[in-house]
Amino acid sequence: MSATLERGLNALREQIDAPVASFFTSCVSCGLCAEACLFYRETEDPQYTPIKKLDLMRRMWSREFTLLGRIGGWLGLTKPITDADLTAWEPLVYDSCTMCGRCTLVCPVGNDLTMMIRKMREGMSASGHGPVELIGAAQRHIDGNSAMGDLSKAIHAQVKNAVADTGIEIEFDKPGVDYMVILSAQEIAEFPDVLGAMARIFKKAGVTWTISSEAFEATNVGIQIGSRDIARTLVQRLVDAAEKLGVKGVISPECGHAYQALRWEGPNLIGRAYNFEVIHIIELLDQLRAQGKLKTKGMNTQKLTFHDPCQINRRGGINKEPRRLMNMVAENFVETEDAGTMNWCCGGGGGVGANERAAPLRNIAFKRKKAQIDKVNPDAIVTMCAYCHHTLDNVLEEFNMDLEVMGLTELVAEYLDDDA
Amino acid sequence: MNNPAFDLLMWARGPGFDIALAIFIGGIVLRLTEIIILGRKKDMAPAKGNGFLQGLKTIFSRSVPRKGLIKFAPVTYLGGYIFHLGFFIAFFFFAPHIALIQDAFGISWPAAGRVIIESVTALAVLAVVALTYSRLTDPVRKSLTTFDDYLVLLLSVLPLITGYVAVNKLFGDPTMMLAVHLLSVEALMIAFPFTKLMHAVSFVFARYYNGSIQGRKGAES
Ligand code: SF4
Ligand code: SF4
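Chains A and B are the protein sequences, given in the same order.
When we follow UniProt numbering, the leftmost residue of the first sequence carries the number 1, and every step to the right adds one.
When we follow UniProt numbering, the leftmost residue of the second sequence carries the number 1, and every step to the right adds one.
Here it is in structure tokens:
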């Protein structure tokens, strides 16, 4: 057995805990998880049944963690996992799963399949398997300051623009303020308007904030590729920066997996609770709204619909907050079928969007989202994840759908009541 | 007097049942130990919702299908419900079963009428036939199905069929048929911990974990 294979199998072994054992013990191979999955639904190819994507992990559990399986192993009835197995499963584990979480909510015996995919990726990446783009992004982020390369100049330039646009001062590295703001690479590169939007909203609300020049990038490719080491390093940077600045909280930006990484996985990765709170930008805006510190004037009259990012709603628990904000600023807000907890994934999550090899499959899977949008036929789609935004922009263009996509923070800021 | 059918019935009622029960309980304890012993790490992220309560809630709420999904797998959903309900009613509400339970544990409850018992038994058998058919023909079920799944279907349907035959004295020697019915139940009990039948116990854990993981985050489950 090669050293990398052994490392991978050890990493996978470490992931098997009581929940995993209860899930594999309970699976009745009913196949209902397939119906929940955008990849199965649009291809009708049984290999994309969620539980099948986990078959190697199931084999390891059965062979090593059950008495009967162990006896079977001694008798030579079952085979250990080989490198060829891992290679064969790589496209299933990385290309055909956005970790959207729908299967987890559908399985009748209650299996958290998405959590198991997350765990299985630990074994895959430790054994040297994983999409090259994610490996490259991880390297760039570890070596520098962002998964997209060096964004240090870009963030300073974007802040400068936002200051010029709004006339509001934005200070880097200011200790003792309420919040440290971090951004997703996508926002810095593609949607920098969010900076000005936050500046205006926070100014009105009396919220003080800063950006750390040491750690401003929120994305965490570690939790996508499945490497706790990488994920921990990236979370630790943010924690160090926030604790050095002594802020009350860190605002997790409009980015799905960044929220998952910092809010839910982070404390477990670094092995302790933080000395500050993590709040999602939309949670914070909703809080400010409830406190009467966020007032808007006028409303958007277009037919708007909302796209729930999987990691923020279904797997993050932020469901009602964006809807309350939408109702504040959108006169003609129409929900799609399955909106909210069971919303369909844009197809770009879980690292699938960055994975070139997955592009053809991703475009097929997007048809599920497209059907959902088509039924409502909106003028524009609002969302709260810059990567969903980016993915939607790209695939809508691919499908020749002329639809604007916008971020919720910017939309709210557009109707901010400057006189209140 | 030498009556092999009677002897078999006596064996099935006595030592046979004791052996099956020991394997059933011992096996379940073993399998649950295999799960629980692995433990899970304490979650250090501050909770947004109550994971414990939502875990408990999910044990029950997951019995209801998600909106709109039944139409995509009608045989699996309807077959599954009819089988589980039919089996449950026939098992717990048939007068002679209740009498046995009263003998053993001293508790009892009202029985269902014969017509109800026989209808649900027949429906449950039909459901097993439909579920088997879908495992043989539907691409997703077919690709997931292993020997274990067929064995489980067979072991679940045999007590229903043999019970029906014995009660209605459809054929064979009634004593013999009753013995066969008991033996089929014992086969089910012995296989239970070591096949997918085990889901009937472990689902409580799986649903609890699922609900508690989601619930801590304030997310639905
Ligand atoms: S839905 Fe659950 S029980 Fe059914 S096949 Fe998928 S994982 Fe197994
Ligand atoms: S998490 Fe989503 S994409 Fe992944 S297997 Fe489950 S339903 Fe499919």
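The C-beta atom is built at its ideal place from N, Cα and C for all residues, glycine as well.
Computed from a predicted model, the values in this text were never measured in an experiment.
Item                                                                                                                                                                                                   : Value
For residue 36(A) versus residue 118(A), is the C-beta distance shorter than 7 Å?                                                                                                                      : no
Tell me the rounded alpha-carbon separation between residue 122(B) and residue 267(A).                                                                                                                 : 54 Å
In chain order, which continuous runs of the beta strand (DSSP E) of length 3 or greater are located wholly inside the stretch 187-266 of chain A?                                                     : 249-252
Counting along the chain, where does the beta strand (DSSP E) carrying residue 187(B) start and finish?                                                                                                : No beta strand (DSSP E) holds residue 187(B); the alpha helix (DSSP H) holding it covers 174-191.
Answer with buried or exposed for residue 274(A), where buried requires no fewer than 16 other C-beta atoms within 10 angstroms of its C-beta.                                                         : buried
Taking the C-alpha atoms as reference points, what is the distance between residue 216(B) and residue 10(A)?                                                                                           : 28 Å
Mind listing which residues of the stretch 115-142 of chain B have their C-beta closer than 7 Å to chain A's C-betas, in chain order?                                                                  : 139, 140, 141
With residue 347(A) and residue 369(A) assumed to form a contact (beta carbons below 8 Å), what rounded beta-carbon distance in angstroms separates them?                                              : 6 Å
Please identify, using Cβ separations under 7 Å, the residues of the stretch 109-128 of chain A that lie next to chain B, in order along the chain.                                                    : 109, 110, 111, 112, 115
How far does the alpha helix (DSSP H) with residue 373(A) in it extend, from its first residue to its last?                                                                                            : 359-376
Taking Cβ positions, are residue 26(A) and residue 149(B) nearer each other than 7 Å?                                                                                                                  : no
Taking C-alpha atoms, which residue in 62(A), 60(A), 91(A) lies nearest to residue 53(A)?                                                                                                              : 91(A)
Looking at the C-beta of residue 73(B), does it have a partner C-beta in chain A at a distance below 7 Å?                                                                                              : yes
Please tell me whether, using a cut-off of 6 Å, the distance from the CB of residue 221(B) to the nearest non-hydrogen atom of ligand 1 is below it.                                                   : no
Are three or more beta carbon pairs between the stretch 191-210 of chain B and the stretch 166-181 of chain B nearer than 8 Å?                                                                         : no
Helix, strand or coil for residue 174(A) per DSSP?                                                                                                                                                     : coil
Using DSSP with H/G/I as helix, E/B as strand and the rest coil, what is residue 147(A)?                                                                                                               : coil
Mark residue 188(A) as exposed unless 16 or more other C-beta atoms lie within 10 angstroms of its C-beta, in which case mark it buried.                                                               : buried
Quick check: what's the CA-CA separation for residue 264(A) versus residue 218(B)?                                                                                                                     : 11 Å
Closest by CA to residue 156(B), which one among 57(B), 130(B), 11(B), 197(B)?                                                                                                                         : 197(B)
Got a sec: is the Cβ-Cβ distance from residue 33(B) to anything in chain A below 7 Å?                                                                                                                  : no
Do you know whose CA, among 355(A), 82(A), 46(A), 379(A), lies nearest residue 221(A)'s CA?                                                                                                            : 355(A)
State the DSSP-derived secondary structure class of residue 401(A), mapped to helix, strand or coil.                                                                                                   : coil
Starting from the C-beta of residue 146(A), find all residues in its chain whose C-beta is less than 6 Å away, skip the five residues before and the five after it, and write them out in chain order. : 185, 217
Can we count residue 371(A) as close to ligand 2, meaning its CB is less than 6 Å from some heavy atom?                                                                                                : no
With a 10 Å radius around its C-beta and 16 neighbouring C-beta atoms as the bar for buried, classify residue 133(B) as buried or exposed.                                                             : exposed
Beta carbon of residue 29(A): closer than 6 Å to some heavy atom of ligand 1?                                                                                                                          : yes
If residue 89(B) sits next to residue 127(B), beta carbons under 8 Å apart, how far is it from one beta carbon to the other, in whole angstroms?                                                       : Actually they do not touch by this definition, with Cβ atoms about 13 Å apart.
Which residues, in chain order, does the stretch 42-54 of chain B contribute to contact with chain A at a C-beta distance below 8 Å?                                                                   : 43, 44, 45, 46, 48, 49
Short check: CB of residue 395(A) to CB of residue 306(A), under 7 Å?                                                                                                                                  : no
If we call anything under 7 Å between Cβ atoms a contact, is residue 321(A) one with residue 286(A)?                                                                                                   : yes
Report the rounded CA-to-CA distance for residue 185(B) versus residue 78(B), giving the unit in angstroms.                                                                                            : 24 Å
Can you tell which of 47(A), 158(A), 172(A), 219(A) has the C-alpha that lies nearest to the C-alpha of residue 193(A)?                                                                                : 158(A)
CB residue 209(B) to CB residue 19(A), shorter than 7 Å?                                                                                                                                               : yes
Rounded to the nearest angstrom, how far is the Cβ of residue 207(B) from that of residue 59(B), given a contact under 8 Å?                                                                            : 5 Å
Three-state secondary structure (DSSP) at residue 470(A)?                                                                                                                                              : Absent from the model: residue 470(A). The displayed extent of chain A is 1 to 420, so no value can be given.
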